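Residue numbers (our numbering): 89 to 421.
Glycine included, each C-beta is placed from N, C-alpha and C at the ideal position.
Source: prediction; values computed, not measured.
To start, the structure itself, in structure tokens.
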Amino acid sequence: MIKAYAAMEAGGALQPWEYDPGPLQANEVEVEVEHCGICHSDLSMLQNEWGVASYPLVAGHEAIGTIAALGDSVSNLALGDRVGLGWQSSYCKTCGYCMTGDHNLCTQAQRTIIGRHGAFANRVRADAASVVPLPSNLDARTAGPLFCAGITVFNPLVQFDISPGDRVGVVGIGGLGHLALKFCNAWGCEVVAFTSSESKTAEALELGAHRTLNSRDADSISSAAGSLDLILCTVSASLDWGLYLSTLRPKGRLHFVGAVMQPLQITIPQLMPGQLSVSSSVVGSPSTIAQMLEFAARHDIRAQTEHYSFGAINEALERLDSGEARYRIVLSH
Numbered sequence: 089m090i091k092a093y094a095a096m097e098a099g100g101a102l103q104p105w106e107y108d109p110g111p112l113q114a115n116e117v118e119v120e121v122e123h124c125g126i127c128h129s130d131l132s133m134l135q136n137e138w139g140v141a142s143y144p145l146v147a148g149h150e151a152i153g154t155i156a157a158l159g160d161s162v163s164n165l166a167l168g169d170r171v172g173l174g175w176q177s178s179y180c181k182t183c184g185y186c187m188t189g190d191h192n193l194c195t196q197a198q199r200t201i202i203g204r205h206g207a208f209a210n211r212v213r214a215d216a217a218s219v220v221p222l223p224s225n226l227d228a229r230t231a232g233p234l235f236c237a238g239i240t241v242f243n244p245l246v247q248f249d250i251s252p253g254d255r256v257g258v259v260g261i262g263g264l265g266h267l268a269l270k271f272c273n274a275w276g277c278e279v280v281a282f283t284s285s286e287s288k289t290a291e292a293l294e295l296g297a298h299r300t301l302n303s304r305d306a307d308s309i310s311s312a313a314g315s316l317d318l319i320l321c322t323v324s325a326s327l328d329w330g331l332y333l334s335t336l337r338p339k340g341r342l343h344f345v346g347a348v349m350q351p352l353q354i355t356i357p358q359l360m361p362g363q364l365s366v367s368s369s370v371v372g373s374p375s376t377i378a379q380m381l382e383f384a385a386r387h388d389i390r391a392q393t394e395h396y397s398f399g400a401i402n403e404a405l406e407r408l409d410s411g412e413a414r415y416r417i418v419l420s421h
């Protein structure tokens, strides 16, 4: 039996719950959870904001732990290996995307907390292909958020061939944005932070920004006109996207990693003259996650975290929902 914390209804408090996961499949591993980050996607699922949740629901998709059991066909991992598990728990491994290393684009990929139980538990199961060994010099206590927030902001640097010296703007200094500043700085980019919070201006510079701009001040944003190669938008708010497009250089890209739900007010004539692009992505493949972890270990990149015990999981969820956390919350057994 797996001992977990589950919501029994949308928006309900989490409570202890046990379930029988059944026989371990040949391609699966069972991970004994040591730490698990809490992401806003967990909140969205627990509150059924996307309309795809089923209850009882065990959330949690930023897990760090050790391999406790191996399926019969698993040969790339060993008992006791410390690994991480993120947003995706399984892939078909036969489609064109999987065969070319873009597992995260697999249309049959299973999400860790959609249609299956996640890592707010003592153990969690996943396809062996979806768990990634943790470098020994990464702090296991703070590594969980790298498997969601970290790879979400790192993946565009790889996918779009961002080079050292490129100029990157980061919109929003929060759970995603603070890691984007760290990764982009270590990548060798000139980093500009867009923030509406005066309290985060100095902090953004400490996190890796070379300068900051007030995201609520059109004149401040206009001062960066024609200067950026990439903008990583980590917020979910609807902004003046035409104004942000004006800060891009020719062939620049406005890339969304935050879930902006409103239609984007962008016209084709805003894109045409500079051959600009607008795009979006979420997480990355296991191989890119492994690359990200090695890069984070080499440059001592870690999430800024607040810590709670699993027994205080409801308090931790309230803290995240308040918007006051700086910047990721991690649960530990």
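**Message:** For a test of the three-state rule: what should DSSP assign to Ser142, helix, strand or coil?
**Reply:** Looking at Ser142 - three-state DSSP - the assignment turns out to be coil, as it is neither helix nor strand.
**Prompt:** Out of Ser161, Ile155, Asp160 and Ser178, which has the shortest C-alpha to C-alpha gap to Leu167?
**Reply:** Nearest of Ser161, Ile155, Asp160 and Ser178 to Leu167, Cα basis: Ile155.
**Item:** Coil, strand or helix - Ala203 by DSSP
**Value:** Reading off the sequence shown, one finds Gly at residue 203, where the question assumed Ala. In this structure, Gly203 counts as coil in the three-state DSSP scheme.
**Val241 in three-state terms, based on DSSP** = Helix at Val241.
**Prompt:** Helix, strand or coil: which one does DSSP assign to Asp160?
**Reply:** Residue state, collapsed to three classes: coil.
**Message:** Among the candidates Gly253, Lys288 and Pro221, whose CA atom is the shortest distance from the CA of Gly276?
**Reply:** If we check each option's Cα against that of Gly276, Gly253 comes out closest.
**Item:** Neighbourhood of Gly153 by C-beta, 6 Å cutoff - its chain only, sequence neighbours within 5 removed
**Value:** Around Gly153, the same chain offers Val119, Glu120, Val121 and Glu122 as residues with beta carbons nearer than 6 Å, after the five sequence neighbours per side are excluded.
**Request:** Would you list the one or two residues that DSSP bridges to Gln300?
**Result:** Just to set this straight, residue 300 is Thr in the shown sequence, not Gln. DSSP lists Ala281 as partners of Thr300.
**Asked** Taking three-plus beta-carbon pairs below 8 Å as touching, is the stretch 355-368 in contact with the stretch 380-392?
**Response** Contact check between the stretch 355-368 and the stretch 380-392: fewer than three CB pairs, one atom from each, fall below 8 Å, which does not count as touching.
**Asked** Out of curiosity, what's the CA-to-CA distance linking Gly206 and Tyr143?
**Response** Cα to Cα, the separation comes out at about 12 Å.
**Request:** With DSSP as the reference, please indicate the residues paired to Arg213 in a beta bridge.
**Result:** Glu118.
**Prompt:** Among Tyr332, Asn164 and Pro111, which one has its Cα closest to the Cα of Asp307?
**Reply:** Its Cα nearest to that of Asp307, the residue Tyr332 stands out among Tyr332, Asn164 and Pro111.
**Asked** Where DSSP assigns a beta bridge to Tyr396, which residues make up the other side?
**Response** Tyr396 pairs with Leu419.
**Asked** Looking only at C-alpha atoms, which of Thr355, Ala274, Gly362 and Lys288 sits nearest to Leu316?
**Response** Measuring from the Cα of Leu316, the nearest candidate turns out to be Gly362.
**Request:** Look at the Cβ atom of Val246, then the Cβ atom of Leu267, and state whether they are nearer than 8 Å.
**Result:** Not closer than 8 Å, so no.
**Request:** For Gly346, I'd like the list of residues in its chain whose CB is within less than 6 Å of its CB, leaving aside the five on either flank, ordered along the chain.
**Result:** In the same chain as Gly346, and ignoring 5 residues on each side of it, the C-beta atoms closer than 6 Å to its own belong to Cys321, Thr322, Val323 and Ser324, in chain order.
**Message:** Helix, strand or coil for Asp249? Go by DSSP, reduced to three states.
**Reply:** Three-state result, Asp249: coil.
**Prompt:** Can you list, in chain order, the stretches of the beta strand (DSSP E) that have 3 or more residues and sit fully within the stretch 357-407?
**Reply:** Within the stretch 357-407, the complete beta strand (DSSP E) runs of at least 3 residues are 365-368 and 393-397.
**Request:** Rank His421, Val259, Arg304 and Phe248 by C-alpha distance to the C-alpha of Gly340 and give the top, closest one.
**Result:** Looking at the Cα atoms, Phe248 is the closest of the given residues.
**Message:** Taking the alpha-carbon of Gly263 as reference, which of Ala114, Gly100, Ile126 and Gly110 has the nearest alpha-carbon?
**Reply:** Distances from the alpha-carbon of Gly263 to those of Ala114, Gly100, Ile126 and Gly110 put Ile126 closest.
**Prompt:** Are His128 and Pro244 touching if we call contact CB-CB under 8 Å?
**Reply:** No, the Cβ-Cβ distance between His128 and Pro244 is not below 8 Å.
**Message:** Determine whether the beta carbon atoms of Ala116 and Ala216 lie at a separation below 8 Å.
**Reply:** According to the sequence as given, residue 116 is Glu; it is not Ala. Taking the C-beta atoms as reference points, Ala216 is found nearer than 8 Å to Glu116.
**Request:** Reducing DSSP to helix, strand and coil, say where Tyr332 ends up.
**Result:** Helix.
**Asked** Going by the beta-carbon positions, is the gap between Lys91 and Ala209 smaller than 8 Å?
**Response** It is a contact, given that the beta carbons lie within the stated cut-off.
**Prompt:** Once you ignore the five residues that flank Leu381 on each side, which residues in its own chain have a CB closer than 7 Å to its CB?
**Reply:** Excluding sequence positions up to five before and after Leu381, its CB lies within less than 7 Å of the CB of Val220, Leu222, Pro223, Leu226 and Leu234, all in the same chain and listed in chain order.
**Prompt:** Could you give the distance in angstroms between the alpha-carbon of Arg211 and the alpha-carbon of His421?
**Reply:** Taking the Cα positions, Arg211 is about 11 Å away from His421.
**Asked** By DSSP, does Ser410 sit in helix, in strand, or in coil?
**Response** If DSSP states are grouped into helix, strand and coil, Ser410 belongs with the helices.
**For Glu106: DSSP bridge partner residues** = In the DSSP output, where bridge partners are listed per residue, Glu106 has Lys91.
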